[in-house]
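Enquirer: One structure, as structure tokens, below. Some questions next.
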Amino acid sequence: MAKDAVLPVRGTVAELKLEKKLPKKIDAVIIAIFEGEDSIELAGGEVLDFLFSTAQQGEILTQLEAVGAKAKINSITRIPGTDVAPVIAVGLGKADLLDDEALRRACGTAARSLNGLENIATTIGELGLSAAVTGFGLGSYSYKGLRKATEVKEDKTTSITFISSNKADKDAFVEAQIIVESVLLARDFVNTPSSHLYPESYAVMASNEASKHGLKTTILDEKQLAEQGFGGILAVGNGSARKSRLLSIEWKPRKAEKSIALVGKGITFDTGGISIKPGASMENMISDMGGSASVLATIIAAARLNLPINVSAFLPMAENMPSGDAFRPGDVITHFGGITSEILNTDAEGRLVLADAIAYASEDKPDYLIDAATLTGAQLVALGLHTSGVMGTDDFRDAVASTGRSVGEQAWAMPIPEELDEQVKSPVADLRNVTNSRFAGMSAAGRYLQEFVGEGIEWAHVDIAGPAYNTAGEFGYTPKRATGQPVRTFIQVLKDLAEG
4 MAKDAVLPVR GTVAELKLEK KLPKKIDAVI IAIFEGEDSI ELAGGEVLDF
54 LFSTAQQGEI LTQLEAVGAK AKINSITRIP GTDVAPVIAV GLGKADLLDD
104 EALRRACGTA ARSLNGLENI ATTIGELGLS AAVTGFGLGS YSYKGLRKAT
154 EVKEDKTTSI TFISSNKADK DAFVEAQIIV ESVLLARDFV NTPSSHLYPE
204 SYAVMASNEA SKHGLKTTIL DEKQLAEQGF GGILAVGNGS ARKSRLLSIE
254 WKPRKAEKSI ALVGKGITFD TGGISIKPGA SMENMISDMG GSASVLATII
304 AAARLNLPIN VSAFLPMAEN MPSGDAFRPG DVITHFGGIT SEILNTDAEG
354 RLVLADAIAY ASEDKPDYLI DAATLTGAQL VALGLHTSGV MGTDDFRDAV
404 ASTGRSVGEQ AWAMPIPEEL DEQVKSPVAD LRNVTNSRFA GMSAAGRYLQ
454 EFVGEGIEWA HVDIAGPAYN TAGEFGYTPK RATGQPVRTF IQVLKDLAEG
């Protein structure tokens with residue numbers, strides 16, 4: 004594997020700009036409209052008044068009413084506009100009900116409706132610049148994959164310009180851009196097929212991305228993993244010709260007073276191993292490294308934002324395949340640190356690699372530890388396609404879940420019932436990797452991982468089995484396939500800890 008390896012394909016996204024005045028060449032202006040008492044209303048402000056005179060605003064309203072435009076949230080209406088430019092009106096519902104998430108989704112919907120327009124300006128930023136930039140940036144993302152050029156329509160890059168001369172807006176704009184780019188990085192990794200993204204290549208590509216931003220990285224190969232006793236990572240990857248890796252990344256700014264470890268499940272493909280999965284939709288298992296991609300993107304964002312908190316990221320990588328060398332139900336493995344696990348189901352492999360990495364991360368005694376994983380089908384049963392389950396120490400668990408909801412990445416705090424203490428015990432090892440019960444599967448996985456968290460560490464386990472990969476239709480700023488969740492949640496958690 005070449006040391007300079009990079010992702011084979013990157014998604015395309017609109018170019019976002021912040022300018023003091025309208026660009027000379029413009030194809031359309033995106034404005035917002037609200038539902039008034041009797042009719043629609045323009046979402047006015049300094050920028051709208053700067054771009055359009057009172058007479059022009061009246062003409063825009065007349066045109067919108069003539070075509071029967073509604074201001075229902077996420078509605079899109081195109082009109083000829085004025086001599087400034089054609090106008091695209093985005094519905095935001097009732098003004099008193101607007102919040103950041105509604106604004107993000109509406110801007111994402113608008114971004115997906117541009118249909119090849121190249122030069123766009125918008126007034127929506129004055130309703131919430133960070134939310135608008137996030138919505139347009141994430142909503143404009145498109146991943147065309149590895150199709151040959153003759154089958155892919157090459158659209159020219161769309162440019163979306165926000166108008167402001169406020170210095171505070173400049174700072175907010177730059178931060179929002181960095182967060183958007185971090186989410187898109189996670190999406191690109193998750194969308195990359197396993198033919199191109201496997202433990203060795205993934206470790207090199209991720210290390211290279213981190214190194215671009217001055218982060219220190221270390222890759223442990225299968226020999227080093229064996230020497231240091233990473234029995235979970237090795238067992239899961241043993242059935243594959245593509246051997247396991249563990250990537251560590253460090254961000255250590257000066258004068259940081261707090262520390263956090265981030266651990267992400269990096270199963271580059273999951274067949275289930277000997278306990279093989281049904282064939283239907285198995286191709287979606289390229290997304291089983293979504294937790295590690297989110298962790299990678301988060302620590303890079305921490306460096307780019309210069310957050311004053313020590314961050315260590317650990318990405319255990321393996322490919323779970325059935326072969327003559329694969330681990331089996333009934334095997335007993337020894338994890339990093341010495342805890343043993345009886346294997347009852349080889350398709351409960353994610354918790355095995357996480358266990359090693361969590362124990363390893365705990366050695367440095369961080370103040371906080373978050374692990375993220377596309378871990379259980381039980382998360383989907385309990386919370387659906389778009390809501391992460393969060394378990395862990397009570398206060399930190401609740402804080403992470405609340406933060407997720409505040410940034411529009413739905414999350415819900417879940418318990419780890421005390422009866423699971425006995426259910427995860429094994430007669431032949433310290434633990435068993437599943438409980439052999441169809442009840443509380445998400446919490447049982449959390450209870451298993453809890454055993455590997457160092458004493459005194461505030462911990463949150465985030466199960467993103469559904470939210471990390473969108474198998475339903477696109478909506479708002481969320482595309483099909485990789486979503487990049489929960490990167491924005493984790494960045495906000497780091498910001499809150501650094502500032503608190």
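Heads up: take any position in the sequence shown, counting from 1, add 3, and you land on my numbering. No residue lacks a Cβ here, since even glycine has one placed at the ideal position from N, Cα and C. For clarity, every value in this text was computed on a predicted model and none was experimentally measured.
Which of the three DSSP states is assigned to residue 370 in this structure?
Expert: The residue labelled residue 370 in the question sits at position 367 within the sequence shown. Reduced to three states, the DSSP call for residue 370 is coil.
Enquirer: Tell me the DSSP bridge mates of residue 81?
Expert: In the sequence shown, counting from the first residue as 1, residue 81 sits at position 78. 91.
Enquirer: Within the chosen definition, does the segment 239-247 reach the segment 313-321 through at least 3 CB pairs nearer than 8 Å?
Expert: yes
Enquirer: Sort out for me which residues DSSP pairs residue 484 with in a bridge.
Expert: By 1-based counting over the sequence shown, the position of residue 484 is 481. 473.
Enquirer: Counting along the chain, where does the alpha helix (DSSP H) carrying residue 404 start and finish?
Expert: Taking the first residue of the sequence shown as 1, we reach residue 404 at position 401. Note, residue 404: alpha helix (DSSP H), 397-409.
Enquirer: Where does residue 22 fall in DSSP's three states?
Expert: For the purposes of this step, residue 22 is identified with residue 19 of the sequence shown, where counting begins at 1. DSSP places residue 22 in strand when its eight states are reduced to three.
Enquirer: Going by the beta-carbon positions, is the gap between residue 123 and residue 163 smaller than 8 Å?
Expert: Here residue 123 refers to the residue found at position 120 of the sequence shown. Here residue 163 refers to the residue found at position 160 of the sequence shown. Cβ atoms of residue 123 and residue 163: closer than 8 Å.
Enquirer: Is the Cβ of residue 114 closer than 8 Å to any Cβ of chain C?
Expert: Reference to chain C is not applicable here, since this structure consists of a single protein chain.
Enquirer: Which runs of the beta strand (DSSP E), 3 residues or longer, sit entirely within the segment 186-270?
Expert: 219-223, 248-254 and 262-267
Enquirer: Taking residue 40 as the reference, give the member of 50, 73 and 27 with the closest Cα.
Expert: For this step, residue 40 is matched to residue 37 along the sequence shown. Taking only the C-alpha atoms, the option nearest residue 40 is 73.
Enquirer: Just list the beta strand (DSSP E) runs in the segment 120-170, keeping only unbroken ones of 3 residues or longer that don't cross its boundaries, in chain order.
Expert: 122-125 and 162-166
Enquirer: Using 8 Å as the threshold, is the C-beta distance between residue 218 and residue 166 below it?
Expert: Position 215 of the sequence shown, counting from 1, holds the residue named residue 218. Position 163 of the sequence shown, counting from 1, holds the residue named residue 166. No, Cβ-Cβ distance for residue 218 and residue 166 is not below 8 Å.
Enquirer: For residue 413 and residue 86, I'd like the C-alpha separation in whole angstroms.
Expert: Numbered from its first residue, the sequence shown carries residue 413 at position 410. Numbered from its first residue, the sequence shown carries residue 86 at position 83. Straight through space, the alpha carbons of residue 86 and residue 413 are spaced by roughly 42 Å.
Enquirer: Only counting runs of 4 or more residues, tell me where the alpha helix (DSSP H) segments fall wholly within the segment 416-449, in order along the chain.
Expert: 423-426
Enquirer: Using a Cβ-Cβ cutoff of less than 6 Å, which residues in the same chain neighbour residue 91 once the five nearest sequence positions on both sides are dropped?
Expert: The residue you call residue 91 lines up with position 88 of the sequence shown. Closer than 6 Å at the Cβ level, and outside the excluded window around residue 91, lie 31, 33 and 81.
Enquirer: Alpha carbon to alpha carbon, what distance is there between residue 479 and residue 115?
Expert: In the sequence shown, counting from the first residue as 1, residue 115 sits at position 112. In the sequence shown, counting from the first residue as 1, residue 479 sits at position 476. For residue 115 and residue 479, the distance between alpha carbons rounds to 8 Å.
Enquirer: Tell me which residue opens and which closes the alpha helix (DSSP H) that residue 312 is part of.
Expert: Counted from its first residue, the sequence shown places residue 312 at position 309. First-last for residue 312: undefined, no H or E at that position.
Enquirer: Output yes or no for whether 8 Å exceeds the beta carbon distance between residue 12 and residue 148.
Expert: Indexing the sequence shown from 1 puts residue 12 at position 9. Indexing the sequence shown from 1 puts residue 148 at position 145. Yes; because the gap between Cβ atoms is below 8 Å, this pair is in contact.
Enquirer: Any chance the segment 345-360 sits against the segment 387-400, with 3 or more Cβ pairs inside 8 Å?
Expert: no
Enquirer: Please confirm if the segment 213-229 is in contact with the segment 278-292, defined as three or more CB-CB distances below 8 Å between the two stretches.
Expert: no
Enquirer: Restricting to runs no shorter than 3 residues, where is the beta strand (DSSP E) found entirely within the segment 264-306?
Expert: 269-273
Enquirer: From the DSSP output, in three-state form, read off residue 174 for me.
Expert: The residue you call residue 174 lines up with position 171 of the sequence shown. Residue 174 falls in the helix class under three-state DSSP.
Enquirer: Which of the three DSSP states is assigned to residue 343 in this structure?
Expert: Along the sequence shown, one-based indexing puts residue 343 at 340. Of the three classes helix, strand and coil, the one that applies to residue 343 here is strand, per DSSP.
Enquirer: Tell whether a beta-carbon distance below 8 Å holds between residue 496 and residue 403.
Expert: Working through the sequence shown from its first residue, we reach residue 496 at position 493. Working through the sequence shown from its first residue, we reach residue 403 at position 400. With a cutoff of 8 Å on beta-carbon distance, residue 496 and residue 403 are scored as near each other.
Enquirer: Less than 7 Å between the CB of residue 354 and some heavy atom of the ligand PLP, yes or no?
Expert: Absence of the ligand PLP is noted for the structure shown, with no ligands found whatsoever.
Enquirer: Taking residue 342 and residue 434 to be in contact with their CB atoms under 8 Å, please state how far apart those CB atoms are, rounded to whole angstroms.
Expert: In the sequence shown, the residue the question calls residue 342 occupies position 339. In the sequence shown, the residue the question calls residue 434 occupies position 431. About 7 Å separates the beta carbons of residue 342 and residue 434, which is inside the 8 Å limit, making them a contact pair.
Enquirer: Can you round the beta-carbon distance between residue 19 and residue 54 to whole angstroms, since I take them to be within the 8 Å contact cut?
Expert: Taking the first residue of the sequence shown as position 1, residue 19 is located at position 16. Taking the first residue of the sequence shown as position 1, residue 54 is located at position 51. Not a contact, Cβ separation roughly 18 Å.
Enquirer: Kindly list the residues whose CB is nearer than 6 Å to the CB of residue 17, restricted to its own chain and excluding five residues on each side of it in sequence; keep chain order.
Expert: Residue mapping note: residue 17 aligns to position 14 of the sequence shown, counting from 1. Excluding sequence neighbours, residue 17 sits near 143, 161 and 163.
Enquirer: For the segment 267-279 against the segment 449-460, do three or more pairs of beta-carbon atoms, one drawn from each stretch, fall closer than 8 Å, so that the two count as touching?
Expert: no
Enquirer: Roughly how many angstroms lie between the CA atoms of residue 240 and residue 105, to the nearest whole one?
Expert: Start at 1 with the first residue of the sequence shown, and residue 240 comes out as number 237. Start at 1 with the first residue of the sequence shown, and residue 105 comes out as number 102. Approximately 42 Å between the Cα atoms of the pair.
Enquirer: Please report the straight-line C-alpha distance between residue 298 and residue 120, rounded to a whole angstrom.
Expert: Looking up residue 298 in the sequence shown gives position 295. Looking up residue 120 in the sequence shown gives position 117. Going from the Cα of residue 298 to the Cα of residue 120 covers about 34 Å.
Enquirer: Given residue 300, which residues of its chain have a CB within under 6 Å of its CB, disregarding the five upstream and five downstream residues?
Expert: As a working mapping, residue 300 is identified with position 297 in the sequence shown. So the qualifying residues of the chain are 185, 188, 189 and 490.
Enquirer: Would you say residue 179 and residue 133 are within 8 Å of each other, going by their C-beta atoms?
Expert: The residue given as residue 179 occupies position 176 in the sequence shown. The residue given as residue 133 occupies position 130 in the sequence shown. Going by C-beta atoms, residue 179 is nearer than 8 Å to residue 133.
Enquirer: How would you call residue 231, buried or exposed, if buried means at least 16 neighbouring beta carbons within 10 angstroms?
Expert: If you number the sequence shown from 1, residue 231 lands on position 228. Under this definition residue 231 is an exposed residue.
Enquirer: Find the nearest neighbour of residue 405 within the set 331, 129, 313 and 465, judged by alpha-carbon distance.
Expert: One-based indexing of the sequence shown puts residue 405 at position 402. Nearest of 331, 129, 313 and 465 to residue 405, Cα basis: 465.
Enquirer: For residue 261 and residue 312, which I take to be in contact (beta-carbon distance under 8 Å), what is that distance rounded to the nearest angstrom?
Expert: Here residue 261 is taken as the residue at index 258 of the sequence shown, counted from 1. Here residue 312 is taken as the residue at index 309 of the sequence shown, counted from 1. Right, their Cβ atoms sit about 5 Å apart.
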